[in-house]
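Just below is one structure, and these are the notes that go with it.
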Amino acid sequence: MIDKNDIEFASPLEIKQFQEQLLVKAIDYLATRSPFYRKMFADTGIDPHSIRTIEDLTRLPFTTKKDLQTYNEDFLCCDRSEIIDFVTTSGTLGLPVTFACTEKDLQRLAFNEFKSFSCAGITKDNVVQIMTTIDKCFMAGLAYFLGLRKLGAGIIRVGNGIPELQWDTINRLKPDTIMCVPSFILRLIEYAEEHGIDYRASSIKRIIGIGEGLRDQNFELNMLGRKIKEKWDVELFATYSSTEMGATFSECPCGCGGHLHPELLIVEIIGDDDKPVPDGQSGEVVITSLGVEGMPLLRFRTGDIAAKKTEQCACGRNSYRLTPLLGRKNNMLKVKGTTLYPPAINDVLDNADYVQNYVIMVQNSEAGTDDVVVLMGLKYQPPFDAIKDIKDRFRSRLRVAPKVEIRPAEEIHAINYPAKSRKPIKFIDKRNAGK
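Residues 3 to 437 in the working numbering are what the sequence shown spells out, letter by letter.
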């Protein structure tokens with residue numbers, strides 16, 4: 003049931019005015035409570051009370067991941083006695099960062115996921131099997147649980163991995179929705195086919211993907227999404243979120259980008275010149291959190307590349323949407339003069355039936371360019387040269403081909419799923435290893 007009183011259905015002007023009211027409160031809070039931002043305002047000579055509109059934000063410096071790593075405790079805006087949950091980032095691009103959450107912050111997380119699940123059409127009548135960890139200081143797993151609990155939906159907390167356990171639980175408890183990393187769906191399907199499980203006749207009708215894209219920039223299913231859909235005709239929903247945001251961009255059934263929840267974030271898209279780009283143009287996602295009590299952020303550079311879509315969605319929402327991520331700014335590759343991002347390489351590999359798993363490794367070459375090597379494990383030995391075939395696929399799609407090596411699938415699996423990781427590792431960047 004869609005709530006037409008939701009701010010996401012208000013006019014773009016009303017949404018902007020609503021966000022600016024929250025921005026004023028957020029700036030005043032930071033200027034009063036945050037050691038890091040109090041120093042920033044003092045050092046720059048900017049009067050925090052002069053920041054009253056979204057356009058005013060461009061006068062302020064950015065907050066970076068390095069700031070969070072170096073001055074972590076200075077971002078805390080409350081007494082430690084008010085902290086009831088500590089979470090950490092996954093450390094994808096460096097050392098993990100700790101975030102401290104108050105009771106109000108956990109309620110905000112619950113509200114975020116309540117809205118995100120509702121956006122995907124989930125109600126209290128649904129049963130959701132969560133195939134992600136809720137431990138290891140993982141914010142997302144806890145947020146999913148809190149959001150579904152607020153929604154009143156049934157929750158099955160199985161955790162990540164172990165296809166046998168996942169299928170046993172599906173067959174016993176009959177969830178209609180599963181939430182997991184999309185590439186794990188292929189492992190579920192493979193396990194089902196190998197063990198005679200009729201997965202197409204299972205109770206599952208909807209899959210919500212996290213951590214990996216399912217669509218391209220035109221909102222069509224990408225190779226991974228198509229591969230899943232061809233095997234298993236279920237509804238697919240993609241999401242985009244991060245610990246730093248404490249919020250999620252979730253697709254509605256129209257599948258045309260992740261909707262902003264205006265109560266939680268202000269988003270800017272900036273270009274290489276650090277200035278906002280026109281709507282619809284790709285750039286780095288910069289967020290200002292709204293309503294966070296423990297460690298709110300102001301103009302935080304996520305490093306993710308996407309674009310805003312501001313026209314009204316077919317679902318009726320006027321809150322702007324983000325396109326699927328092109329990649330991470332720091333992960334941009336230069337392969338033989340061609341610029342691309344790892345997801346483009348993933349897309350080719352995900353569409354090769356004989357590829358079991360893979361990891362992309364990049365380091366500096368002697369010539370000062372990016373030396374990219376794809377290590378792939380084979381599901382079976384095809385009746386042709388697998389390396390030549392995958393390189394031809396790269397050239398056809400990307401115009402260039404990285405180096406390719408075949409390794410035992412077990413070796414690749416150990417790289418993809420190290421003991422301490424909460425997400426599959428498919429990209430390893432060694433370019434700055436010595437710095």
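By construction, the Cβ of each residue, glycine as well, lies at the ideal position given by its N, Cα and C atoms.
Check: For residue 406, list the residues DSSP reports as bridge partners.; Outcome: 376
Check: Less than 7 angstroms between the beta carbons of residue 249 and residue 266, yes or no?; Outcome: yes
Check: Tell me the rounded alpha-carbon separation between residue 62 and residue 30.; Outcome: 14 angstroms
Check: Under 7 angstroms between C-beta atoms, does residue 425 make it to chain B?; Outcome: Here chain B cannot be found, since the structure has a single protein chain.
Check: Under the three-state reduction of DSSP, which class applies to residue 444: helix, strand or coil?; Outcome: Residue 444 lies beyond the residue range present for the chain, which begins at 3 and ends at 437; the question has no answer from this structure.
Check: Counting C-beta neighbours from all protein chains within 10 Å, is the total for residue 125 16 or more, i.e. buried, or is it exposed?; Outcome: exposed
Check: Measuring only the C-alpha atoms, how far is residue 322 from residue 375?; Outcome: 37 angstroms
Check: In terms of alpha-carbon separation, which member of 270, 262 and 355 lies closest to residue 314?; Outcome: 262
Check: Let me know the secondary structure DSSP gives residue 385 once reduced to three states.; Outcome: coil
Check: Counting pairs of Cβ atoms below 8 angstroms between the segment 16-35 and the segment 43-51, do you hit three or more?; Outcome: yes
Check: Would you check if the segment 6-21 and the segment 278-287 touch, i.e. whether three or more CB-CB distances between them fall below 8 angstroms?; Outcome: no
Check: Starting from residue 73 and walking both ways along the alpha helix (DSSP H), at which residues does that stretch end?; Outcome: Element bounds for residue 73: n/a, residue is neither H nor E.
Check: Quick check on this structure: which residue in 104, 98 and 150 has the alpha carbon closest to the alpha carbon of residue 116?; Outcome: 150
Check: Distance, Cα to Cα, residue 179 vs residue 119?; Outcome: 11 angstroms
Check: Can you check whether the CB of residue 245 is closer than 7 angstroms to the CB of residue 91?; Outcome: yes
Check: On the three-pair Cβ rule with 8 angstroms, is the segment 292-304 touching the segment 62-81?; Outcome: yes
Check: What first and last residue would you give for the beta strand (DSSP E) that runs through residue 416?; Outcome: Taken as a continuous stretch (DSSP letters only), residue 416 belongs to no beta strand (DSSP E), being part of the alpha helix (DSSP H) at 411-418.
Check: Could you pull the start and end residues of the alpha helix (DSSP H) that residue 290 belongs to?; Outcome: Unbroken run through residue 290 is the beta strand (DSSP E), 285-291; no alpha helix (DSSP H).
Check: Find out if the Cβ-Cβ distance for the pair residue 177, residue 219 is shorter than 7 angstroms.; Outcome: no
Check: Are residue 259 and residue 107 touching if we call contact CB-CB under 7 angstroms?; Outcome: no
Check: Could you compute how far the alpha carbon of residue 433 sits from the alpha carbon of residue 366?; Outcome: 5 angstroms
Check: Give me the DSSP bridge partner(s) of residue 360.; Outcome: 378
Check: Measuring straight from C-alpha to C-alpha, what distance separates residue 377 and residue 84?; Outcome: 47 angstroms
Check: Where does residue 86 land, buried or exposed, given buried means 16+ other C-beta within 10 angstroms?; Outcome: exposed
Check: Are the segment 209-224 and the segment 191-199 touching, with three or more C-beta to C-beta distances below 8 angstroms?; Outcome: no
Check: For residue 207, which three-state DSSP category applies?; Outcome: coil
Check: Considering only residues of the same chain and omitting the five flanking positions on each side of residue 94, which have a CB-CB separation below 6 angstroms?; Outcome: Model confidence at residue 94 stands at a pLDDT of 49, short of 50, so the residue's coordinates are unreliable; what they give is reported in the following sentence. Same-chain partners within the cutoff: there are none.
Check: For residue 175, is the classification buried or exposed, using 16 other Cβ atoms within 10 angstroms of its Cβ as the cut-off for buried?; Outcome: exposed
Check: Quick check: what's the CA-CA separation for residue 44 versus residue 159?; Outcome: 47 angstroms
Check: How should residue 47 be labelled, buried or exposed, when 16 other C-beta atoms within 10 angstroms of its C-beta is the threshold for buried?; Outcome: exposed
Check: For residue 342, which residues from the same chain have a beta carbon less than 7 angstroms from its beta carbon, with the 5 sequence-adjacent residues on both sides left out?; Outcome: 335 and 400
Check: Spatial neighbours of residue 384 within its chain, please: C-beta separation below 6 angstroms, excluding the five flanking residues on both sides.; Outcome: 356
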